[in-house]
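Protein sequence lines, in the order shown, are assigned to chains A and B.
The numbering of the first sequence is my numbering, which starts it at 1 and goes up by one.
The numbering of the second sequence is my numbering, which starts it at 1 and goes up by one.
Here is the structure we will look at.
There are 2 protein chains.
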Amino acid sequence: MDHFIGSLSAAAREVPASGIIAAVNHGRSKAGVIPLWAGEGDLPTPRFIVEAAERALRDGATFYTHQLGIPPLREALAAYYEAQFGRAFDPDSFFVTGSGMQAIQISVRLCLGPGEEILVPSPAWPNIAGAAIAQGSVPVPVALREESGRFALDVGDLEAAITPSTRAIFVNSPANPTGWVANRQTLEAILDLARRHNLWIIADEIYSRFVYDGSARAPSFLDIAAPDDLIVYVNTFSKNWAMTGWRMGWIHATPALKSTIANLIQYSTSGIAEFMQWAGVTALNDGEWFVRHMVDRARQGRAIVNEGFAGNNRVTYSAPDGAFYAFFRVAGLVDATEAAFRLIDEAGVGTAPGTAFGAGGDGFVRVCFARSSDSLREAMGRLGHYLETAC
Amino acid sequence: MDHFIGSLSAAAREVPASGIIAAVNHGRSKAGVIPLWAGEGDLPTPRFIVEAAERALRDGATFYTHQLGIPPLREALAAYYEAQFGRAFDPDSFFVTGSGMQAIQISVRLCLGPGEEILVPSPAWPNIAGAAIAQGSVPVPVALREESGRFALDVGDLEAAITPSTRAIFVNSPANPTGWVANRQTLEAILDLARRHNLWIIADEIYSRFVYDGSARAPSFLDIAAPDDLIVYVNTFSKNWAMTGWRMGWIHATPALKSTIANLIQYSTSGIAEFMQWAGVTALNDGEWFVRHMVDRARQGRAIVNEGFAGNNRVTYSAPDGAFYAFFRVAGLVDATEAAFRLIDEAGVGTAPGTAFGAGGDGFVRVCFARSSDSLREAMGRLGHYLETAC
Chain A
1 MDHFIGSLSA
11 AAREVPASGI
21 IAAVNHGRSK
31 AGVIPLWAGE
41 GDLPTPRFIV
51 EAAERALRDG
61 ATFYTHQLGI
71 PPLREALAAY
81 YEAQFGRAFD
91 PDSFFVTGSG
101 MQAIQISVRL
111 CLGPGEEILV
121 PSPAWPNIAG
131 AAIAQGSVPV
141 PVALREESGR
151 FALDVGDLEA
161 AITPSTRAIF
171 VNSPANPTGW
181 VANRQTLEAI
191 LDLARRHNLW
201 IIADEIYSRF
211 VYDGSARAPS
221 FLDIAAPDDL
231 IVYVNTFSKN
241 WAMTGWRMGW
251 IHATPALKST
261 IANLIQYSTS
271 GIAEFMQWAG
281 VTALNDGEWF
291 VRHMVDRARQ
301 GRAIVNEGFA
311 GNNRVTYSAP
321 DGAFYAFFRV
331 AGLVDATEAA
341 FRLIDEAGVG
351 TAPGTAFGAG
361 GDGFVRVCFA
371 RSSDSLREAM
381 GRLGHYLETA
391 C
Chain B
1 MDHFIGSLSA
11 AAREVPASGI
21 IAAVNHGRSK
31 AGVIPLWAGE
41 GDLPTPRFIV
51 EAAERALRDG
61 ATFYTHQLGI
71 PPLREALAAY
81 YEAQFGRAFD
91 PDSFFVTGSG
101 MQAIQISVRL
111 CLGPGEEILV
121 PSPAWPNIAG
131 AAIAQGSVPV
141 PVALREESGR
151 FALDVGDLEA
161 AITPSTRAIF
171 VNSPANPTGW
181 VANRQTLEAI
191 LDLARRHNLW
201 IIADEIYSRF
211 VYDGSARAPS
221 FLDIAAPDDL
231 IVYVNTFSKN
241 WAMTGWRMGW
251 IHATPALKST
261 IANLIQYSTS
271 GIAEFMQWAG
281 VTALNDGEWF
291 VRHMVDRARQ
301 GRAIVNEGFA
311 GNNRVTYSAP
321 DGAFYAFFRV
331 AGLVDATEAA
341 FRLIDEAGVG
351 TAPGTAFGAG
361 GDGFVRVCFA
371 RSSDSLREAM
381 GRLGHYLETA
391 C
């Protein structure tokens, strides 16, 4: 082993590379590739949000600030939740983080230590497993049941995976990459399981607005939880307000965890830039129309993918109930990473290989459909043509 | 124990609060308090740097980007080092982080695991210990020798603290809060020790430009290290370019660690905003005059503190060789945190209690002198008067 690598901590040596990033890095500098590999669309952050950051920069908001987020942002988060859930929320239950990713990292650190296990319904966004492995904890995949490209969680499978080392369940609904959306009954069954086994739930509800059954949001643990349930919610500004690059997210949890979360933030990044936080305030307070626009756009994207795959004999696909990804099986797909590279090089379409999402992703490909109709139609055309003629 | 706290991971339960933040939180909203508690001055980020971020925002640099930093920023870092050290550096040896704090967190994660020890010459900035404790590792303070308010490291003390669990030495020179600056001979002795015991050095050289002996920078491990030495350098844009609030830093290390560091960044924050990185490019490429201005200002601040404490019988103080803090002993000081709160409430001066800096900080107080002469003179006047008449 390399002299340096051999001297690293055990966890650092074992932390895996992301298969999504591998695809992005392969294709990033290639002209003409339509990038459907990541969980972001093609709209930059809208001007009215950017301008709030610019105003704050002009006002000199460049100093250290509240590590848990400036009070107006925590109040805006409480108001946003009130609008979503129809009841009051305590601003002191919101903790601003440097991305939804950091919200997950801190939640993982809150709930489990080295050698302890977290159940992860899979296929899943690889970064939850990565955050666990990076601190020496153990992500335990629990395979979603799949039929004709449609995924669902059997809560019995979750229970069967519990060991004496299990400390938490990661529940991402609506789910990346599968589009699975837990209904209220399933959430109740998971919560019941967590209560009986004294497990934390890390609820990743970042795609909650992206559902396609006509409702305004997906079912949430917030609809059913009691005040003393062990639940930490992670979320992000990225998807709703086209702010992927900003690295702004939040945790919602009991105010009893305020000091602990403050300390974990203090010793990881010590908070985020005040001038960015003012953009978050504007997004939450004035950006509801934009969220709806983003969801509409994703709905159109979903229809375009449906159309594009209709009659394609190599593809097994079921339109997702939520999130904004098509996750489809390609008959005859052997090496998924290799295939993702070839799709970039030969078809000019950036996809994420199903293997990047762990157990159950073999043979699948993920594309993000939250983008302009023209560009997505072009990408689907290239993809369809390529899958029929090559691979 | 609280229902929630009792259910947390062991490390989360044990992560300590920062005594600096306690003082800041106590005084933040109090009108008229002169804030010398934190490591930042009173200048907002200069316009020419801010404008680079604004330009990037207008250009739509709001998407996901390179997790290790955009290539122009890593090239600008290499050029900055070349100017400092008079030789070429590989851009691939620079890794952009979300603050110097995150650079430390990732370095700690690289070098040691749960139960493993890192030696920390103390008094020290508390966040290095915090980062270790938060991941279940053990910070081992090694007391600097103090005489008449002047601190220095005895490398023999460092060696005496090594156990079979020791994996790393944290070397912050110039040092916060003590102002200690390791000379080349001391750095050589530390490096020799690290080599003999196969230990990592985490070199925190963020105050390297803030030295007061007329030289352009402090001695660095980069002056003496061989290519295969186990050294990770952590740094930040905060101090040199008045960018404390931006949360931008970097790691310099062997390119052999590139994948590992990329993965650790991926699973903690996944990088920082591209529009902020362009501000970093401008700071590095066009901001040398501003760094010199900041150092000049700190030099003036240091002189004002010297003047202010001259003839004060309650204060034991030695002007620091580096960094921009006065760390002084106050005779009769019993409860340092309580005293810091009283200084805020009764004297209108925000200080950090010496106890916040761990072993050896008892009886001391830290103030930051990197600020305008007028405001600092006023603060010193208040402080001197208060120490003579009350406490």
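C-beta atoms are modelled at their ideal positions from N, C-alpha and C, and glycine is treated no differently.
Every value quoted in this text rests on a predicted model; they were computed, and no experiment measured them.
Problem set entry | Runs of beta strand (DSSP E) lying entirely within the segment 221-245 of chain A, each at least 3 residues, in chain order | The segment 221-245 of chain A contains, as complete beta strand (DSSP E) runs of 3+ residues, the segments 231-236 (chain order).
Exercise. Quick one: does Pro-139 of chain B have its CB under 8 Å from some CB of chain A?
Worked result: no
Problem set entry | Where the alpha helix (DSSP H) containing Leu-193 of chain A begins and where it ends | 184-197
For this session: Write down every uninterrupted run of the beta strand (DSSP E) in the segment 363-391 of chain A whose length is 3 residues or greater and which is fully enclosed by it, in chain order.
Result: 364-368
Exercise. So which residues on chain B does His-197 of chain A lean against when the C-beta distance must stay under 9 Å?
Worked result: Here the premise fails: no neighbours, minimum Cβ distance about 12 Å.
For this session: For the segment 59-74 of chain A, enumerate the residues whose C-beta is nearer than 9 Å to any C-beta of chain B, in chain order.
Result: Under the 9 Å Cβ criterion, the segment 59-74 of chain A contributes Asp-59, Gly-60, Ala-61, Thr-62, Phe-63, Tyr-64, Thr-65, His-66 and Gln-67.
For this session: Kindly say whether Val-297 of chain B, judged by its beta-carbon, lies nearer than 8 Å to any beta-carbon of chain A.
Result: Note that residue 297 of chain B is Arg in the sequence shown here, rather than Val. For Arg-297 of chain B, the answer is no, since every Cβ of chain A falls outside 8 Å of its Cβ.
For this session: Taking 8 Å as the cut-off, decide whether the C-beta atoms of Ala-129 of chain A and Pro-121 of chain A are in contact.
Result: no
For this session: Check each candidate in B:Ile-21, B:Ala-10 and B:Tyr-386 and name the one with the smallest Cα separation from Ile-265 of chain A.
Result: B:Ile-21
Exercise. Quick one: is Trp-246 of chain A near chain B, going by C-beta distance under 8 Å?
Worked result: yes
Exercise. At least one CB of chain A closer than 8 Å to the CB of Gln-84 of chain B: is that the case?
Worked result: no
Exercise. Can you find a C-beta in chain B that's less than 8 Å from the C-beta of Ile-251 of chain A?
Worked result: No - not a single Cβ of chain B is within 8 Å of the one on Ile-251 of chain A.
Exercise. Whose C-beta lies closer than 6 Å to the C-beta of His-197 of chain B among residues of the same chain, with five residues either side of it excluded?
Worked result: Ile-162
For this session: Locate the alpha helix (DSSP H) running through Arg-13 of chain B, then write down its first and last residues.
Result: 10-14
Exercise. Considering only C-alpha positions, which residue in the set B:Arg-184, B:Phe-95 and B:Leu-376 is nearest to Arg-397 of chain B?
Worked result: Residue 397 of chain B is absent from the structure shown; chain B starts at 1 and stops at 391.
For this session: Check whether the Cβ atoms of Ala-189 of chain B and Val-155 of chain B lie closer than 8 Å to each other.
Result: yes
Exercise. Are the C-beta of Met-294 of chain A and some C-beta of chain B separated by less than 8 Å?
Worked result: no
For this session: Using the Cα positions of Gly-115 of chain B and Pro-44 of chain A, report the straight-line distance between them to the nearest angstrom.
Result: 45 Å
Exercise. Who are the Cβ neighbours of Ala-279 of chain A in its own chain at under 6 Å, not counting the five residues just before and after it?
Worked result: Leaving aside the five residues that flank Ala-279 of chain A on each side, the residues in its chain whose CB is nearer than 6 Å to its CB run, in chain order, Ile-49, Ala-52 and Ala-53.
For this session: Can you pull the chain A residues whose beta carbon is under 8 Å from the beta carbon of Trp-200 of chain B, in chain order?
Result: Near Trp-200 of chain B (Cβ distances below 8 Å), the residues of chain A are Ser-7.
For this session: Kindly list, in the order they appear in chain A, the residues whose Cβ is closer than 9 Å to that of Ala-399 of chain B.
Result: Beyond the ends of chain B as shown, which are 1 and 391, falls residue 399 of chain B; an answer cannot be given.
Exercise. With a CB to CB cut of under 7 Å and the five nearest residues on each side skipped, what residues in its chain are close to Gln-84 of chain A?
Worked result: Arg-217
Problem set entry | CB contact below 8 Å: Asp-228 of chain A versus chain B | yes
Exercise. Apart from the five residues just before and just after Met-356 of chain B, which ones in its own chain have a Cβ nearer than 6 Å to its Cβ?
Worked result: A small correction: the amino acid at residue 356 of chain B is Ala; Met does not occupy that position in the sequence shown. If we look at Ala-356 of chain B and ignore the five residues flanking it on each side, its Cβ neighbours are Gly-19, Ile-20 and Pro-126.
Problem set entry | Environment of Gly-389 of chain A [buried if 16+ CB atoms lie within 10 Å] | It should be noted that the sequence gives Thr, not Gly, for residue 389 of chain A. With fewer than 16 Cβ atoms within 10 Å of its Cβ, Thr-389 of chain A is classed as exposed.
Exercise. With distances taken between CB atoms, is the gap from Asn-172 of chain B to Asp-192 of chain B smaller than 8 Å?
Worked result: no
Exercise. Would you say Ile-272 of chain B reaches chain A, if we count a Cβ-Cβ gap shorter than 8 Å as a contact?
Worked result: yes
For this session: Kindly list the residues whose CB is nearer than 7 Å to the CB of Thr-316 of chain A, restricted to its own chain and excluding five residues on each side of it in sequence; keep chain order.
Result: Ser-148, Gly-149, Phe-328 and Arg-329
For this session: Would you give the residue range spanned by the beta strand (DSSP E) that Ala-143 of chain B belongs to?
Result: Per DSSP, the unbroken beta strand (DSSP E) holding Ala-143 of chain B starts and ends at 138-143.
Exercise. Would a check of beta-carbon distances place Gln-300 of chain B closer than 8 Å to chain A?
Worked result: With 8 Å as the cut-off, Gln-300 of chain B does not count as an interface residue toward chain A.
Problem set entry | DSSP three-state assignment for Glu-116 of chain B, whether helix, strand or coil | coil
For this session: Would you please verify whether the beta carbon of Phe-170 of chain B is less than 8 Å from any beta carbon of chain A?
Result: no
For this session: May I have the straight-line CA-CA distance separating Trp-180 of chain B from Ser-93 of chain A, to the nearest angstrom?
Result: C-alpha separation (whole angstroms): 41 Å.
Exercise. Just checking, does the segment 230-238 of chain B make contact with the segment 246-259 of chain B on the three C-beta pairs under 8 Å criterion?
Worked result: yes
Exercise. For a contact meaning CB atoms closer than 8 Å, what does Ile-21 of chain B contact in chain A?
Worked result: Gln-67, Ala-262 and Gln-266
For this session: Check whether the Cβ atoms of Val-108 of chain A and Gln-135 of chain A lie closer than 8 Å to each other.
Result: yes
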